[in-house]
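Protein sequences appear in the order of chains A and B. Take the first sequence: its position 135, counted from the start at 1, is 187 in my numbering, and no numbers get skipped. Take the second sequence: its position 138, counted from the start at 1, is 191 in my numbering, and no numbers get skipped.
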Amino acid sequence: MLRHFRLILNLPSSFKILEILISLLLVSAIAYADVCVWRDPERTMQKIFPQASDYKTITVKITPEHIKLIEKAIDTNLGESEKGEFNFYDIMGIVNDKTEKIGTIIALAGKGEYGVIEVVIGIDNKNKIVGAYIQRSRERVTKELQSSEFLSQFKNKTKDDSFELGKDIKLASSDAEAASRVVSFVIKKMLIFYNELRQNRE
Amino acid sequence: MISKIFIGIILYLTLLPSFANAGSLQISGGVDGRYVNTDGNENDVVVEGLFLNIRKVFSDEKGDRLIAVGQLDMDNNFKDIRPYQTYLQYKGPLGKWNIKAGHYILPFGLLSNYDTERLILKTIEDVNMGIKLDTGVELLGFFKDFDYAVSLSQGAGRNRLTDVDNDKLLTARLGWQGEDINIGISGLIGEVLTDKYSLMRQDLSQKSVYEKRIGLDITKFAGPLILMGEFLVGEDGKETVGGGLLKTDYALTPKLELNLKYAHWQRSGGRNFIGAGFSYELLKGLFLRIADEYQFGKENENAATFQTYFEFAKQF
Numbered sequence: 053m054l055r056h057f058r059l060i061l062n063l064p065s066s067f068k069i070l071e072i073l074i075s076l077l078l079v080s081a082i083a084y085a086d087v088c089v090w091r092d093p094e095r096t097m098q099k100i101f102p103q104a105s106d107y108k109t110i111t112v113k114i115t116p117e118h119i120k121l122i123e124k125a126i127d128t129n130l131g132e133s134e135k136g137e138f139n140f141y142d143i144m145g146i147v148n149d150k151t152e153k154i155g156t157i158i159a160l161a162g163k164g165e166y167g168v169i170e171v172v173i174g175i176d177n178k179n180k181i182v183g184a185y186i187q188r189s190r191e192r193v194t195k196e197l198q199s200s201e202f203l204s205q206f207k208n209k210t211k212d213d214s215f216e217l218g219k220d221i222k223l224a225s226s227d228a229e230a231a232s233r234v235v236s237f238v239i240k241k242m243l244i245f246y247n248e249l250r251q252n253r254e
Numbered sequence: 054m055i056s057k058i059f060i061g062i063i064l065y066l067t068l069l070p071s072f073a074n075a076g077s078l079q080i081s082g083g084v085d086g087r088y089v090n091t092d093g094n095e096n097d098v099v100v101e102g103l104f105l106n107i108r109k110v111f112s113d114e115k116g117d118r119l120i121a122v123g124q125l126d127m128d129n130n131f132k133d134i135r136p137y138q139t140y141l142q143y144k145g146p147l148g149k150w151n152i153k154a155g156h157y158i159l160p161f162g163l164l165s166n167y168d169t170e171r172l173i174l175k176t177i178e179d180v181n182m183g184i185k186l187d188t189g190v191e192l193l194g195f196f197k198d199f200d201y202a203v204s205l206s207q208g209a210g211r212n213r214l215t216d217v218d219n220d221k222l223l224t225a226r227l228g229w230q231g232e233d234i235n236i237g238i239s240g241l242i243g244e245v246l247t248d249k250y251s252l253m254r255q256d257l258s259q260k261s262v263y264e265k266r267i268g269l270d271i272t273k274f275a276g277p278l279i280l281m282g283e284f285l286v287g288e289d290g291k292e293t294v295g296g297g298l299l300k301t302d303y304a305l306t307p308k309l310e311l312n313l314k315y316a317h318w319q320r321s322g323g324r325n326f327i328g329a330g331f332s333y334e335l336l337k338g339l340f341l342r343i344a345d346e347y348q349f350g351k352e353n354e355n356a357a358t359f360q361t362y363f364e365f366a367k368q369f
């Protein structure tokens, strides 16, 4: 039984709170986006590109034209949170005593059975996959998804290759059909994003 | 005054002419509203916090070089307007070493990688150290599977820029990261001016104390299950103190998570905390959380909390 009810808000502060909440909602209405914050990416970068000396974050604004091209290429609609901007990480290395771009790291999340599956790929300057890595997964089949047997299948693939599950890409395990499909689709999607947002622009 | 400084920093970061090539600018924010029932007879409705965070990366021709972070929190129904993490970080090649200067979360135990500021079931720095953020300089980075962080700070805590006793606080952590496990050992030594609302100050009945701590923290990822633990021992002045925390997050579905917590802290008597709750992501970025935490031992208290939490982020 509740003996008393204390509402901490007093009237002046309630107006202040309301004002700030409305401002926040207005800001969020235009600013809301599912920014995949990859705050500590260096270790993964070095796993994929052992010769990396540094990296540079490149943020590309996604235009309505990009959205049309990407949706056509992946044959599905992008989520609202995917239509804002996209980050690429250009990997720098020493080539002939000069610091040059040796590849690009791309990260994207797909929706798994137990939350997001965050996938990272590295591509070389010819846009071929150098390596793939599962950055975060809470699936029951996470170990199978992380296995080199599964992830090495994506090596050397480009956006033009087929990613058909069971044919081009073997399942991570017999229990992992849905999760394997998510990873495979997300990797293909990242190659399409790169092609439309960077390759066709450069 | 602090909010004016923060707004100044935001404007400076936004309008700063390019360091070399201005990199990405991210603005994020959130609001944390709660209803708390304490011991079945006291009910509070509170805007626990509203925050705005700005993060900007500056690059040169070789890579990302400088990261600037600023965050302003308005807590406890806007009574406490204060900066949260606000710092500049100079990044060495591939982040193998970094120098951070400003106001940041101390690199100690689980705190290094896990911030529970906007969660109901929190880690135990409030009763263990009485400090979470501090102003100072930190060296951090990684080498192969190891990561390291060493911080020298004021020991004056959150929202205090001045050192009250001219003593310093040294905090360090060495971690090892496996495929699905993180293990770290941490140390802390120095004079700490404890947070005015902290259980630690309540226990000590004094504002500051010379603290020594060593700790072991473990985070294990096992599919839907994340297990976290930290075990700590040390001294407050001449008194031996110690305890630990076990926390579990279990994803029941993509949107629903079960959270469990047990913590114990021994300082002139023991405090125990048992908590359980659920977190549900109603819409993208909008979370509904409910949890009950029961404290027993030195003090008995039960707090049932319902939280609505919304966060957003945008890159430019």
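Where is the CB? At the ideal position from N, CA and C, for every residue including glycine.
If I measure Cβ to Cβ from residue i and keep anything under 7 Å in the same chain, skipping five residues before and after, which residues do I get?
i: K222 (chain A); result: Q205
i: L130 (chain A); result: I119, I122 and E123
i: Y84 (chain A); result: Summary for Y84 (chain A): the model assigns pLDDT 39, below 50, so the residue's position carries little reliability; its value from the coordinates is reported in the next sentence. None.
Once you ignore the five residues that flank residue i on each side, which residues in its own chain have a CB closer than 6 Å to its CB?
i: K175 (chain B); result: T169
i: Q348 (chain B); result: F326 and E354
i: K367 (chain B); result: I80
i: V84 (chain B); result: L103 and F363
i: L299 (chain B); result: G282 and Y315
i: A357 (chain B); result: N90 and D345
i: L313 (chain B); result: T301 and A329
i: K31 (chain A); result: With chain A running from 53 to 254 in the structure shown, residue 31 (chain A) is simply not present.
i: F199 (chain B); result: W229
i: D179 (chain B); result: S251 and L252
Let me check one thing: in DSSP terms, what residues is residue i bridge-paired to?
i: H317 (chain B); result: B:G297 and B:N325
i: L209 (chain B); result: Checking the sequence, you will find Ala at residue 209 (chain B) rather than Leu. Note: A209 (chain B) sits in no beta bridge, so no partner.
i: H118 (chain A); result: H118 (chain A) pairs with nothing; no bridge assigned.
i: R87 (chain B); result: B:V99 and B:Q360
i: I281 (chain B); result: The displayed chain sequence assigns Met, not Ile, to residue 281 (chain B). Partner(s): B:T272 and B:K300.
i: L227 (chain B); result: B:Y201 and B:I238
i: S332 (chain B); result: B:E310 and B:R342
i: T96 (chain A); result: T96 (chain A) pairs with nothing; no bridge assigned.
i: M144 (chain A); result: A:D106 and A:K153
i: R108 (chain B); result: B:Q79 and B:V122
i: Y347 (chain B); result: B:I327 and B:N355
i: K265 (chain B); result: B:I242 and B:E288
i: V168 (chain A); result: A:K163
i: L222 (chain B); result: B:S206 and B:G243
i: G162 (chain B); result: In the DSSP output, where bridge partners are listed per residue, G162 (chain B) has none listed.
i: Q368 (chain B); result: B:Q79
Would you give the residue range spanned by the beta strand (DSSP E) that residue i belongs to?
i: K144 (chain B); result: T139 to K144
i: L243 (chain A); result: Where L243 (chain A) is concerned, there is no enclosing beta strand (DSSP E), although the alpha helix (DSSP H) it sits in stretches over E229 to Y246.
i: F202 (chain A); result: Careful: F202 (chain A) lies outside any beta strand (DSSP E), inside the alpha helix (DSSP H) at S200 to L203.
i: M127 (chain B); result: G116 to D128
i: D187 (chain B); result: L186 to F196
i: N151 (chain B); result: W150 to I158
i: R188 (chain A); result: I181 to R188
i: G193 (chain A); result: Note on residue identity: the sequence assigns Val, not Gly, to residue 193 (chain A). Unbroken run through V193 (chain A): none, as it is neither H nor E.
i: E170 (chain B); result: It is not in any beta strand (DSSP E) - E170 (chain B) carries neither H nor E in the DSSP assignment.
i: D133 (chain B); result: D133 to P136
Can you list, in chain order, the residues of its chain whose CB lies under 8 Å from that of residue i, leaving out five sequence neighbours each side?
i: N177 (chain A); result: K153, I154 and G155
i: R250 (chain A); result: I110, V112, F140 and T156
i: E27 (chain A); result: No information on residue 27 (chain A) is available, as it lies outside the stretch 53 to 254 that chain A covers here.
i: Y167 (chain B); result: T176, T272 and M281
Please check if any C-beta of chain E sits within less than 8 Å of the C-beta of residue i.
i: R233 (chain A); result: Going by chain labels, chain E is absent from the structure shown, which instead holds the protein chains A and B.
Provide the residue span of the alpha helix (DSSP H) that contains residue i, from first to last.
i: D233 (chain B); result: D233 (chain B) -> no alpha helix (DSSP H), and no H or E assigned at all.
i: L130 (chain A); result: First-last for L130 (chain A): undefined, no H or E at that position.
i: E216 (chain A); result: Element bounds for E216 (chain A): n/a, residue is neither H nor E.
i: R254 (chain B); result: L252 to L257
i: N181 (chain B); result: E178 to N181
Next item on the list: Identify each residue in the segment 101 to 115 of chain B for which the Cβ-Cβ distance to at least one residue of chain A is less than 9 Å, and report them in chain order.
Entry: L103, L105, R108, V110, S112, D113, E114 and K115
Check: Quick one: any contact between the segment 104 to 112 of chain A and the segment 110 to 125 of chain B, if contact means 3 or more CB pairs under 8 Å?
Finding: yes
Check: Any residues in the segment 145 to 169 of chain B with a beta carbon nearer than 8 Å to a beta carbon of chain A? Which ones, in chain order?
Finding: P146, L147, G148 and K149
Notebook entry, point to check: Using a beta-carbon distance cut-off of less than 9 Å, what residues from the segment 98 to 117 of chain A approach chain B?
Noted result: Q98, A104, S105, D106, Y107, K108, T109, I110, T111 and K113
Item checked: Short-range partners of chain A found in the segment 225 to 244 of chain B, where Cβ spacing is below 8 Å -> Q230, E232 and D233
Check: Using a Cβ cut-off of 7 Å, which residues of the segment 270 to 299 of chain B contact any Cβ in chain A, in chain order?
Finding: G276 and P277
Next item on the list: Pull out every residue of the segment 240 to 253 of chain A whose Cβ sits closer than 8 Å to any Cβ of chain B, in chain order.
Entry: none
Notebook entry, point to check: When Cβ atoms are compared, which residues of the segment 187 to 213 of chain B fall closer than 7 Å to chain A?
Noted result: F195
Margin query: Short of 9 Å Cβ to Cβ, which residues in the segment 182 to 205 of chain A face chain B?
Written below: R188, S189, R190, E191, R192, V193, T194, K195 and Q198
Note to self: Beta carbons nearer than 9 Å to chain B: which residues of the segment 115 to 134 of chain A have them?
What the structure shows: G131, E132 and S133
Item checked: chain B contacts from the segment 150 to 163 of chain A (Cβ-Cβ distance under 9 Å) -> T151 and K163
Item checked: Meets three-Cβ-pair contact criterion under 8 Å: the segment 181 to 192 of chain B and the segment 228 to 235 of chain B -> no
Margin query: With three or more C-beta pairs closer than 8 Å as the rule, is the segment 266 to 278 of chain B touching the segment 243 to 257 of chain B?
Written below: no
Next item on the list: Spell out a yes or no on whether the segment 230 to 240 of chain A and the segment 159 to 166 of chain A are touching, meaning 3 or more CB-CB pairs, one atom from each, closer than 8 Å.
Entry: yes
Item checked: Residues in the segment 162 to 177 of chain A having any Cβ partner in chain B nearer than 9 Å -> K163, G164, E165, Y166, G167 and V168
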